[in-house]
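Residue numbers (my numbering): 93 to 475.
One structure below.
The following block contains the structure:
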């Protein structure tokens, strides 16, 4: 632990016995800091420290104006909390905000004190969440929201991504992906559907898309029940047991307002935790609760399936709608569709898996697969 010796010095200057000016500064470990000139302007380095004497904040003043880098540090570890760049007291250049694990949270550019240029927001693993352009402090266009594969899934006037599904319904959030719309349009034979939907964090834009589709089409009565799962209702990852993870909530389909409320309630209970999800526990639970349906639809992204060992318990066809597949498909979902004699669906493709035989090849979006010896082999990427 660093040890600093600080001395606060006070110097008083009087002119003609009438006006007095005070100059103050601190001596810390031999450095003169936190200086206020007799004119009242700050000068030189200004620093503040945490109780353990670690540096908390630092900036340089010239002629009473911030100049160069302004940096604030977290207390728990040697990580920067944020950094700003100043020119004569005005924000000029990059501003960066960090997470406590030292990874970048936000990057943005300033010109003459106004946000100008790009703004990017990241999650703690370094994946871009949103990106936008600014000009003279004004948003140009919309925020682009990315999935974890780096593709834009929707646009909105804000970087906020938490529980704003009403923005999809109002049209304020612009949907860039149309997987759910396309799949349901191509498969009109699906009636009295039992729909099982992944509610974890990465599914946010696709859940919004589903809500919009349901608002437009719910009067057709195609969805009879929906089961929403969030992989455990915030259960700690180390306590998750296959078949007993929980976080599975079942509902009878009525109207889009109820669906919106149910979605928001389930996501408030938890949004996943670790990457693997309890897809098959959700399906088997749904099959026990409900009987009078004709089709099981699983709506999921490419997250790992934690409970593939439960697949043998599912004896009805599962039709899998895959969201966010532009950079590849998790073959676990191919196996679910194959072994249940169901089907797999992407934005542009439908594959009836009960027709797949040894040696067959098929295309899903850009991926060409071959079924061989019980495995799905990616043989090529189709342009």
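C-beta: ideal position from N, C-alpha, C; glycine also.
Less than 8 angstroms separating the beta-carbons of residue i and residue j?
i           : j           : result
residue 290 : residue 391 : yes
residue 471 : residue 450 : no
residue 271 : residue 415 : yes
residue 195 : residue 214 : yes
residue 226 : residue 211 : yes
residue 284 : residue 386 : yes
residue 294 : residue 393 : yes
residue 267 : residue 242 : no
residue 413 : residue 437 : yes
Within a Cβ cutoff of 6 angstroms, which residues of the same chain sit near residue i, ignoring the five residues on either side of it in sequence?
i           : result
residue 339 : 321, 322, 323, 324, 325 and 362
residue 366 : 329
residue 185 : 177
residue 395 : 367 and 369
For residue i, which residues from the same chain have a beta carbon less than 7 angstroms from its beta carbon, with the 5 sequence-adjacent residues on both sides left out?
i           : result
residue 228 : 206 and 208
residue 376 : 402, 405 and 406
residue 64  : Any question about residue 64 goes unanswered here, given that the chain covers just 93 to 475.
residue 259 : 248 and 265
residue 133 : 155 and 156
Smallest Cα separation from residue i: which of the options?
i           : options               : result
residue 439 : 430, 421 and 221      : 421
residue 309 : 295, 413 and 345      : 345
residue 148 : 173, 384 and 203      : 173
residue 349 : 131, 257 and 159      : 257
residue 332 : 287, 159, 304 and 398 : 398
residue 281 : 302, 312, 304 and 459 : 312
residue 446 : 458, 455 and 428      : 428
residue 384 : 144, 286 and 251      : 286
residue 252 : 133, 236 and 262      : 236
residue 181 : 204, 171 and 200      : 204
residue 273 : 296, 455 and 303      : 303
residue 296 : 244, 230 and 378      : 244
residue 381 : 288, 396, 411 and 327 : 288
residue 144 : 138, 170 and 175      : 170
Which value, in whole angstroms, describes the spacing of the CA atoms of residue i and residue j?
i           : j           : result
residue 461 : residue 152 : 60 angstroms
residue 177 : residue 264 : 33 angstroms
residue 374 : residue 319 : 7 angstroms
residue 435 : residue 314 : 18 angstroms
residue 240 : residue 188 : 21 angstroms
residue 150 : residue 167 : 14 angstroms
residue 370 : residue 146 : 44 angstroms
residue 142 : residue 156 : 24 angstroms
residue 128 : residue 193 : 35 angstroms
residue 136 : residue 158 : 9 angstroms
residue 473 : residue 441 : 15 angstroms
residue 275 : residue 389 : 11 angstroms
residue 109 : residue 131 : Confidence is the limiting factor: at residue 109 the pLDDT is only 47, short of 50, which leaves the residue's position unreliable, though a coordinate-based value still follows. If you take the alpha carbons of residue 109 and residue 131, they lie about 17 angstroms apart.
residue 164 : residue 238 : 29 angstroms
residue 353 : residue 368 : 25 angstroms
residue 417 : residue 250 : 25 angstroms
residue 468 : residue 431 : 12 angstroms
residue 466 : residue 433 : 14 angstroms
residue 342 : residue 279 : 24 angstroms
residue 124 : residue 118 : 6 angstroms
residue 336 : residue 372 : 11 angstroms
Sorted by chain position, which residues of the same chain lie with C-beta nearer than 8 angstroms to residue i's C-beta, five sequence neighbours on each side aside?
i           : result
residue 255 : Low confidence applies here, because residue 255 scores a pLDDT of 48, under 50, leaving its location unreliable and the question unanswered by this model.
In this structure, what does DSSP give as the bridge partners for residue i?
i           : result
residue 158 : 153
residue 176 : 162
residue 201 : 186
Would you verify that the beta carbon of residue i is, or is not, closer than 8 angstroms to some beta carbon of chain D?
i           : result
residue 394 : Checking the listed chains, one finds no chain D in this structure; it contains a single protein chain.
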